[in-house]
Amino acid sequence: MPETQSYLEFQGIGKTFPGVRALDDITFGMDEGRVRALIGENGAGKSTLLKVLSGAYTPTTGVVRIAGRDCAFHSTADALAAGVAVIYQELNLVSDMTVAENLYLGHMPTRKGLVSRKTMHAHARKQLESLGESIDPSMKVGRLPIGQRQMVEIAKALTRGAKIIAFDEPTSSLSDRETRNLFSVIRSLKDRGHVVLYVSHRLEEIFEVCDSVTVFRDGRHVETFGTMEGVNHDVLVNRMVGRDIHNIYGYAPRAHGEPALEVEGILGRGLTEPASFQVAKGEIAGFFGLVGAGRSELMRLVFGAEPKRSGTVRVLGRPAHIASPADAIRSGVMLCPEDRKKDGIIPVRAVMENLNISARRKHAYGGFLINEGWERKNAREKVDQLAIRTPSLSQLIMHLSGGNQQKVILARWLSEEMKVILLDEPTRGIDVGAKSEIYSIIYALAKQGIGVVMVSSDLPEILGVPDRILVMSEGRITASFSRDEATEEKVLKMALPTAGRKAA
Amino acid sequence: MNGTDSRMSQEKLKALSTDSLVRKLLDSGGMAVVFLALFGVFSYRIDRFCSLDNMVSLGLQVSSIGIVACTMLFCLASGDFDLSIGSVYACSGVLAAVVANQTGSVLFGLLAGILIGGLVGLVNGIVIAKFQINALITTLATMQIVRGLAYLVGKGQSVSASSEKFTVLGSSLLPLGWLLPGRGAGGTSGLEGIPTPVLITVFSFVLFGFLLRYTTFGRNTLAMGGNKEAARLAGINVSRLQIIIFTMQGLMAGFAGAIMASRMGIGDPKVGVGFELQVISACVLGGVSLKGGIGSMTFVVSGVLIMGAVENAMNLKNLDPFFQYIVRGGILLAAVLFDRFKQRRAD
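Protein chains in written order, with the working numbering: chain V, 1 to 504; chain W, 1001 to 1347.
Structural data, given as structure tokens:
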């Protein structure tokens, strides 16, 4: 590919943050009248590259070249002046101003120093009509539906003379109709000779609207497909993840032993009826329910994070008196909380601190003096065992990706004498590759004879990972299915509120 | 899982982290460097600054703030702070003098001073931890209550200690003169030893620095300050920890008050107004985070010494005391701005 002829070129772009290389020697080019998809897992570098393109970040190395000229953007205004507009998920419009004012913000047409409303509205109407939209320019932007707001944003880019337009997850909050509308606009931008970059997680969309695709992984450029011929879903996933994911769950039956956890008649805030359930050693029990069904509340009650009004908990057949998380941990019951940032990690502390926080007191001299040797050894061991990606044990946990943060919390409990683990939404906000790693950790735990409880709102996941599925609705357990009995319809039906279920 | 792949990227990341080693050094010891620089400049520009006598008086000058800053470090690190210490500092001194006069026992007097501090701290801790009341409001209330108590105990006036022995704790010199340089041939320094309060301060720095860095208690304190709910869910008894921290804080404020009273031979209910803010300033100046979770004794020692050195230099230069307020505030503002700048860059 003769690089010098491309309209937009990234030449060796690198961007380093403390301890993290977000982009590493990114080089590729794009021609006019093309729509290029940028894909990769979370943290692969797509968004960082867009931020470099839009001038929000200054690259550590390399240069962006537009029409053969080196561009060094120091702000989004610089980029806009060079004809680059990036349209983000959260749109950059002033909702209290009218459509026309937003379009011409900062460069309103004037006559004798006064804003000429008439000219402005006429221009705005024309610009929007060219996109196939008949939006009233005097409408307040805040009153438009999200799809139309996005059109205003595109029109705004065009009024600034943007030649290069990048979209960052543009369809995430659009309806089907709005999405189709957006795609036809993107095609017309292409026909008019614009350079369009399209970042999305939704691979189907990419096949629909893009004519070429660039894949990123770990901040590096993996491969660019100049045409979509011979490119399919599996090929892209394979390049994104760097390995084949045939069966992302990897379920295999295991032997179950005697009950690991027996909960009887537990009741507290968030539950409307006493809840009872059992999990055997080596078993994975899934809890499904809609938001507010009481799943997290039930887990927190079992773990002693909330006071319970009644009910008993037995661990390996012995009664466990759990009045606080510390009690639960002592009895061998662990919880990975739903909201990792709020309840799980201690962001300003190191990976090693987050990992050893609970188990350390057993290894400290006299329960008081830190056993530095053990701490280091344990942390190193767990980081290797779970393949936690961190530059060092002393890296602050907040700089790790979501999947690695989750693994640190799992490692925290692996350092204890665990008999039962309650996993509340263990894969929420984690990308595909890390998800399958988390699943294999879950299976490994069950295989060791630990009783696993897994809460999830992801229907495919809850049908794919556990041995048994319990369903909750309106603060009570409504059903229990074996893995073989459970289907999407059955589970969903029992998860709906009572009124809805009768109607269904 | 592709083992070699993840190993490779781990090594790559490791290489990256050494780049920032210099940065880390600056981050953790930044204020210590600032202190050394200030010290150098003052020694060069101000005649008597670097003299042994002045060093001893600098030590005495920072001893009260230094002692209380040790436990304030724990308070801040755990995400709270304590405004009542200035009043405790005064009340303890008055009570020490009164009890010493009435019982005839200096020891009882000093113990009473320390214990009243512990009691106030315990009350603070229980109200904050068990009743979930904001530390600002709680300690603002006890600050006023205890100030009133100090006046009541002293019947509105400062109380002179009748026994000469009362001043031993604050004014004695420990015969460690041989530790000091320049006592050889000339023997001009005339120093016979190091004042007891200075040694107590140094000892407190070491003790509490050790507690924070090398014990489960210290690490749990930092974890709690970093994210209280996460610490609780990790099995840390956060309310017990809070009560211990506030009690400790009260005891040390009481101790500092007793030492001060002993140094003066007087328990004065008017002392220590604004003391809490000076202590918090010193900690923050050194780099202890007001949001909790970040702090070390190095930070506190640097902060206390910078404050002390600047004040000492201003005194030597006979700077108008009104200016001193402005300079002190200016330094604090500069320190927090610098801290914010560092954070921005880290993001």
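All residues carry an ideal CB built from backbone N, CA and C; glycine is no exception. For clarity, every value in this text was computed on a predicted model and none was experimentally measured.
Chain V within 7 angstroms of residue i, Cβ atoms only
i: Ser1078 (chain W); result: no
i: Gly1235 (chain W); result: yes
i: Ile1294 (chain W); result: yes
i: Tyr1214 (chain W); result: yes
i: Val1336 (chain W); result: no
Enclosing alpha helix (DSSP H) for residue i [first to last residue]
i: Arg69 (chain V); result: Careful: Arg69 (chain V) lies outside any alpha helix (DSSP H), inside the beta strand (DSSP E) at 69-71.
i: Gly1209 (chain W); result: 1196-1214
i: Gly147 (chain V); result: 146-159
i: Ser47 (chain V); result: 46-53
Start-to-end residues for the beta strand (DSSP E) that takes in residue i
i: Ser473 (chain V); result: 468-473
i: Val195 (chain V); result: 195-199
i: Val506 (chain V); result: Only positions 1 to 504 of chain V appear in the structure, and residue 506 (chain V) is not among them; the question remains open.
i: Ala252 (chain V); result: Unbroken run through Ala252 (chain V): none, as it is neither H nor E.
i: Glu506 (chain V); result: Beyond the ends of chain V as shown, which are 1 and 504, falls residue 506 (chain V); an answer cannot be given.
DSSP-derived helix/strand/coil call for residue i
i: Glu229 (chain V); result: coil
i: Glu1164 (chain W); result: helix
i: Gln1242 (chain W); result: helix
i: Tyr365 (chain V); result: strand
i: Gly1218 (chain W); result: helix
i: Glu537 (chain V); result: Here chain V has residues from 1 to 504 only, and residue 537 (chain V) is not among them.
i: Ala285 (chain V); result: strand
i: Phe1039 (chain W); result: helix
i: Phe1049 (chain W); result: coil
i: Ser184 (chain V); result: helix
i: Cys1075 (chain W); result: helix
i: Ala503 (chain V); result: Since pLDDT at Ala503 (chain V) reaches only 43, below the 50 mark, its modelled position is unreliable, and no value is offered.
i: His221 (chain V); result: strand
i: Cys1070 (chain W); result: helix
i: Gly1184 (chain W); result: Residue placement at Gly1184 (chain W) is flagged as unreliable, the pLDDT there being 45, under the threshold of 50; a coordinate-derived value is accordingly withheld.
i: Ser175 (chain V); result: coil
i: Thr110 (chain V); result: strand
i: Met30 (chain V); result: strand
i: Leu1251 (chain W); result: helix
i: Asp1019 (chain W); result: Since pLDDT at Asp1019 (chain W) reaches only 46, below the 50 mark, its modelled position is unreliable, and the value read off the structure follows with that caveat. Three-state DSSP puts Asp1019 (chain W) in a helix.
i: Lys140 (chain V); result: strand
i: Ala486 (chain V); result: coil
i: Thr60 (chain V); result: coil
i: Leu1152 (chain W); result: helix
i: Val99 (chain V); result: helix
i: Ala1258 (chain W); result: helix
i: Arg65 (chain V); result: strand
i: Arg1340 (chain W); result: helix
i: Ile421 (chain V); result: strand
Minimum Cβ-Cβ distance from residue i to chain W less than 7 angstroms
i: Leu144 (chain V); result: no
i: Val222 (chain V); result: no
i: Arg314 (chain V); result: no
i: Val195 (chain V); result: no
i: Ile245 (chain V); result: Reliability fails at Ile245 (chain V), whose pLDDT of 48 lies under 50, so the model's placement of it is uncertain and the value that follows must be treated cautiously. Not one chain W Cβ lies under 7 angstroms of Ile245 (chain V).
i: Ala22 (chain V); result: no
i: Pro325 (chain V); result: yes
i: Ala364 (chain V); result: yes
i: Ile477 (chain V); result: no
i: Leu203 (chain V); result: no
i: Leu369 (chain V); result: yes
i: Gly329 (chain V); result: The amino acid occupying residue 329 (chain V) in the given sequence is Ile; Gly does not appear at that position. Cβ-Cβ to chain W under 7 angstroms: yes for Ile329 (chain V).
According to a CB-to-CB cut-off of less than 9 angstroms, which residues of the segment 1216-1230 of chain W neighbour chain V? Thr1216, Phe1217, Gly1218, Arg1219, Asn1220, Leu1222, Ala1223, Met1224, Gly1225, Gly1226, Asn1227, Glu1229, Ala1230
Segments assigned beta strand (DSSP E), at least 3 residues, entirely inside the segment 1266-1320 of chain W: none
Go through the segment 1078-1143 of chain W residue by residue and report every complete run of the alpha helix (DSSP H) that reaches 4 residues or more, in order. 1085-1103, 1106-1130
Where the segment 333-360 of chain V meets chain W: residues whose CB sits under 7 angstroms from a CB there: Leu335, Pro337, Lys342, Asp343, Gly344, Ile345, Ile346, Pro347, Val348, Arg349, Glu353, Ile357, Ser358, Arg360
Between the segment 60-77 of chain V and chain W, which residues of the former have CB atoms less than 8 angstroms from a CB of the latter, in chain order? none
To be precise: take each residue of the segment 1317-1328 of chain W, compare its Cβ to all Cβ atoms of chain V, and keep it if any distance is under 7 angstroms. Which residues remain? none
Please list the residues of the segment 147-172 of chain V that have a C-beta atom closer than 7 angstroms to any C-beta atom in chain W, keeping them in chain order. none
For the segment 341-390 of chain V, which segments carrying the alpha helix (DSSP H) assignment without a break, of at least 4 residues, lie completely within its bounds, in sequence order? 351-356, 360-363, 372-385
Could you please tell me which residues of the segment 76-104 of chain V, in chain order, have their CB closer than 9 angstroms to any CB of chain W? none
Going along the chain, which residues of the segment 40-58 of chain V sit with their C-beta nearer than 8 angstroms to a C-beta in chain W? none
Name, going along the chain, the residues of the segment 1232-1257 of chain W whose beta-carbon falls closer than 8 angstroms to a beta-carbon of chain V. Arg1232, Leu1233, Ala1234, Gly1235, Ile1236, Asn1237
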